[in-house]
Amino acid sequence: MAGATTLKLGGDHAARFESRAATRETPLVKWTILAISLSFFALFLLMPLIAVFVEALRKGWDTYLAALIDPDALSAVKLTLLAAIVSVPLNLVFGVSAAWAIAKFEFRGKHFLITLIDLPFSVSPVIAGLIYVLVFGAQGWLGPWLAEHDIRIIFAVPGIVMATVFVTFPFIARELIPLMQAQGREEEEAAVVLGANGWQILWHVTLPNIKWGLLYGVILTNARAMGEFGAVSVVSGHIRGETNTLPLHVEILYNEYQFAGAFAVASLLAMLALVTLVIKNWVEYQAARSYRDQQDIPS
Amino acid sequence: MSTAKTNHVLPGFKLTLGYTLSYLSILVLVPLAAVFLKTSSLTLEQFWTVVTADRVLASYRLSFGASLLAAAINAVFGLMLAWALVRYSFPGKKLVDALIDLPFALPTAVAGIALTALYAKNGWLGKLLEPLGIEVAFKPLGILVALIFIGLPFVVRTVQPILEDLDTELEEAATSLGAQRWQTFWHVILPILFPALLTGFALAFARAVGEYGSVIFIAGNLPMVSEITPLMIITKLEQYDYTGATAIASVMLAFSFTLLLLINCLQAWTAKRTGRDR
Amino acid sequence: MSIQVRNIHKQFGNFTALDDISLDFPTGELVALLGPSGCGKTTLLRIIAGLEQADSGSVLLDGADASATHVRERQVGFVFQHYALFRHMTVYDNVAFGMRMKARGQRPSEAKIRDKVHELLNLVQLEWLADRFPSQLSGGQRQRIALARALAVEPRVLLLDEPFGALDAKVRKELRRWLRKLHDELHITSIFVTHDQEEALEVADRVVLMDHGHVEQIGTPEEVYRHPATPFVYSFLGAVNLFHGRVDGDDLRVGEDTLAHDRRDLDHGAEVVAFARPHELEIVVDPQSTAGIAARINRVLSFGVTARIELDGVNGSTGQHFEVELTREQVKELALADGQLVRLLPSRLKVFEQPGAQA
């Protein structure tokens, strides 16, 4: 299901198609397709992005900066970073581990396991939040026990972190599984024959081969962890300065009609998205380059 | 989930599979079981009453209808966009290609308020549409716009690699046999792209049905008119009606599972048709 | 129908694929474009088909300039190297494709299409596969279906790009014979591209040898094999032994050794390269002899019908390797042993002048 987010290695192929009589369209058709598709792109993707920055600066730089250094905004930044710092490493270990088991071994129920890993992609984030409320909430399974021991999970930081981990756990695994499957196990088996132990194989053979895919997965995980709204919204309780992440802070400001402030904080998140896209493209470029280099090795 | 009889040469099978299963159990399986257990505390009749209440039914119609429509629109324009990105050179192509993923990277809440600002009556686009009598923000049409935004990359990114890998020889063969360009597209290219296009459509649809963040700002959230199903769950939760929320959630979950299964089958089909299964 | 190409030039970036090529392909012949990869043969074929455009020059079909005609209207049958069968269509639908794509007015009825498809599947002897999908066919079967599909639109010429390239050796031999037979039945002007000299010599009426975007030689298989026009042709068509030397009257000086030659037209001192095929070399075991080239036997391979002797050059030709083909009887008679010092005497020597080359 993560098909739409996997690392792509394609370069620009347009010249190949445009230079051949049988694979090009008449200029009229070409320009019509370009005009329609690029207008669609501008209308639905480009304009919302521009709108964020324009709205953020509508009331000038002073308001903009004031919204960013507001104590509630700063605490939201901290909580957002915390959620990402916890979920990225956890899901990294999970992703490598799951991909190792799935790609290097045969066992029954493998397809079911892969489907299970895909689950957060198709489950509504609202439901992702709800399931933790049902387990840890005041009326949940563990609610009474938690209340007795004065442990707060729902409407507190642990709940936010858990919901974030849930919505982001497939990204790295889903990136690595096809990559490691394609690479097969020959290199690892060679390492075993040469006397390497499990950790040595992982560190010296497998990880160098999957590093770009791994990095790609980490970037996607991080972006989603910092930007998650629905799941976090359900478990947060919206306590200002305590259980608000940046996206939730945006919502609160917006609902209080502090539009400039809401967009100022939103612009911070939009910049995060742009940085994510830049790094993502850089990784794609690097991966394509190392892939090409490997192809060039004369056999 | 027993292991095959083969003797594993590589180490770490038990460790990694064990860890994977434990992690999934704690994070996913146990909490999910909670949903169904909670639901089973209702009698069938109670359950039926909750999930078929008028307001809930209206939300299904809206969520599924708007999601289907958005996915269909994305299938058409996403295909065109993928085609343009693969087949044509134009200035700014790299930038367009990179920004296609924006909906994956941009937090949904940000998308939601940005779209609302654009389509509100005094927004850049709302201003243009108002004289035409078209209202987008705070109407079901706004939901459609938000769902188009979040679904677009799914179609483009599933179709694009297939289009790139497409053997030019196939089109040349069709042309040398006398086929017109549109005939080649219709009889040769589209059948090859179709499974991928359908997969992209299904992915966009699945994502749209569950979408919350980008929709609630622009939707208006009027009961019976512009209330999506995920919002129904939140509303019930806010009224401390946990059982009601859970019942609706279980309906959505059942739907998600089915769609997920369908998508996996579709992807297998794509692999088969495009020869990527070798 | 005849095909002529006139002064074709094609450039890919800095790489000249075709440099001023002019060729005539007479009606009804089966011609092979033969050369190493990158020699421009496939590019030439694609330009004739209209799949690629030449930078300059023209393609004439039946005397009429077709350079501006789109592939679609050229009525050429093209068989692709990897067949390019439509994998989502059955064999039947693949073959029927071209007829179904015709404009409504010219499109045959489904009944006519059915007859034609079955006729063609009969021709390629695969009628029983009509309902299969390409993925269910073997390589050889796909190749024949691709040919049937190309023939379905009744092309004026048939162009085949490495038609046997993707097949294993045994199937390739069979299909080679089959294609020749098919051509004898249909007599459609055909051009096929290959890098395999044996294939070209065995199947074609006429062979066009190409290298680096130039035509090196045109002729019947017999002509090009017996009388290679250039060193390239000589070494491309089969195994050769070559000797670099200098003309010295009636002799060629090769290092410290000499060879006789019959090129009276060469100037004294001219740098030359001389060729002899493995079966055109004799082995002289007499230690007193001074004729021919000194060499040391490295290995005698005598498992086939003929025996092959591998030798290393000594004296002036140190570091060079030679190969001689003898009958097993001859090997026995000569009592050749590994490490033995012998002399090589060509029974036939082809000498080319090679200005500026190092002897």
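So the sequence lines, in the order shown, correspond to chains A, B and C.
Quick note on numbering: this note's numbering labels position 276 of the first sequence as 276, and the sequence is numbered without any gaps.
To convert, take the position in the second sequence, counting from 1, and add 1000; that gives this note's numbering.
To convert, take the position in the third sequence, counting from 1, and add 2000; that gives this note's numbering.
In this text, a Cβ means the ideal position worked out from N, Cα and C, and glycines have one as well.
Asked	Found
Could you name the residues that DSSP lists as bridge partners for C:Val2300?	C:Ile2309
Name the residue from B:Leu1021, B:Leu1027, B:Ser1022 whose alpha carbon lies nearest to the alpha carbon of A:Val161.	B:Leu1027
How is C:Leu1991 classed by DSSP in three states: helix, strand or coil?	Since the displayed chain C opens at 2001 and closes at 2359, residue 1991 of chain C lies outside it and no answer follows.
Going by beta carbon distance, what residues of the same chain come within less than 7 Å of A:Ala225, once the five residues before and after it are set aside?	Ala83, Ala84, Ser87, Val88, Thr164, Thr168
From what residue to what residue does the alpha helix (DSSP H) around C:Arg2226 run?	2221 to 2226
What residue range is occupied by the uninterrupted alpha helix (DSSP H) comprising B:Glu1171?	1168 to 1176
Can you tell me whether DSSP reads B:Phe967 as helix, strand or coil?	Not covered by the structure: residue 967 of chain B. The range shown for chain B is 1001 to 1278.
Can you tell me the Cα-Cα spacing of B:Thr1108 and A:Ile50, whole angstroms?	15 Å
Beta carbons nearer than 8 Å to chain A: which residues of the region 1030 to 1047 of chain B have them?	Val1030, Pro1031, Leu1032, Ala1034, Val1035, Lys1038
Can you tell me the Cα-Cα spacing of C:Glu2222 and C:Pro2228, whole angstroms?	10 Å
Would you say A:Ser97 lies against chain B (beta-carbon separation less than 8 Å)?	yes
Closer than 7 Å to a non-hydrogen atom of the ligand ATP - does that hold for the CB of A:Ser75?	Only the bare structure without any ligand can be found here, which leaves the ligand ATP out of the picture.
Please decide whether A:Glu186 counts as near chain B, where near means a Cβ-Cβ distance under 8 Å.	no
List, in order along the chain, the chain A residues whose C-beta lies closer than 7 Å to that of B:Asp1054?	Residues of chain A passing the Cβ test: none, with the nearest at roughly 21 Å.
With a CB to CB cut of under 6 Å and the five nearest residues on each side skipped, what residues in its chain are close to C:His2187?	Gly2028
Please list, in chain order, the residues of the region 17 to 49 of chain A that have any C-beta partner in chain C closer than 7 Å.	Arg20, Ala21, Ala22
Residue ranges of each alpha helix (DSSP H) run of no fewer than 4 residues wholly in the region 91 to 124 of chain A, ordered along the chain?	110 to 122
Whose C-alpha, out of C:Glu2282, C:Leu2281, C:Arg2074, C:Val2254, is nearest the C-alpha of C:Gly2269?	C:Val2254
In this structure, how does DSSP classify A:Ile85 when only helix, strand and coil are distinguished?	helix
For C:Val2071 and chain A, any beta-carbon pair shorter than 8 Å?	yes
Which class does C:Asp2251 belong to by DSSP, given the choice of helix, strand or coil?	strand
Taking a contact to mean a Cβ-Cβ separation below 8 Å, would you say C:Ala2150 touches C:Gly2077 in this structure?	yes
Identify the residues that DSSP records as bridge partners of C:Arg2246: which are they?	C:Arg2253, C:Glu2271
Could you please give the first and the last residue of the uninterrupted beta strand (DSSP E) stretch that includes C:Met2210?	2206 to 2211
Establish whether the CB of B:Ile1192 and some CB of chain C are separated by less than 8 Å.	yes
In chain order, what residues of the region 2050 to 2070 of chain C put their CB closer than 8 Å to some CB of chain A?	Gly2050, Leu2051, Glu2052, Gln2053, His2070
If you reduce the DSSP assignment to three classes, tell me which class A:Phe171 lands in.	helix
Does the contact criterion of 3 or more C-beta pairs under 8 Å hold for the region 119 to 131 of chain A versus the region 41 to 57 of chain A?	no
Which same chain residues end up closer than 7 Å to A:Phe166 when comparing Cβ atoms and leaving out the 5 residues on each side of it in sequence?	Pro120, Ala128, Ala231
Based on the DSSP secondary-structure assignment, which residues constitute the bridge partners of C:Ser2190?	C:Leu2030, C:Leu2158
What number of angstroms, rounded off, separates the C-alpha of A:Thr245 from the C-alpha of B:Asp1101?	23 Å
Among the candidates C:Ala2274, C:Ser2135, C:His2183, C:Leu2159, whose CA atom is the shortest distance from the CA of C:Val2246?	Per the sequence shown, residue 2246 of chain C should be read as Arg rather than Val. Checked all of C:Ala2274, C:Ser2135, C:His2183, C:Leu2159; the closest Cα to C:Arg2246 is C:Ala2274.
Am I right that B:Ala1066 and B:Leu1144 are in contact with their C-beta atoms under 8 Å? What's the rounded C-beta distance?	5 Å
So is B:Asp1101 in contact with chain A if we call contact Cβ pairs under 8 Å?	yes
With 8 Å as the threshold, decide whether the Cβ of A:Leu214 is near any Cβ in chain B.	no
Measuring straight from C-alpha to C-alpha, what distance separates A:Glu189 and B:Leu1010?	6 Å
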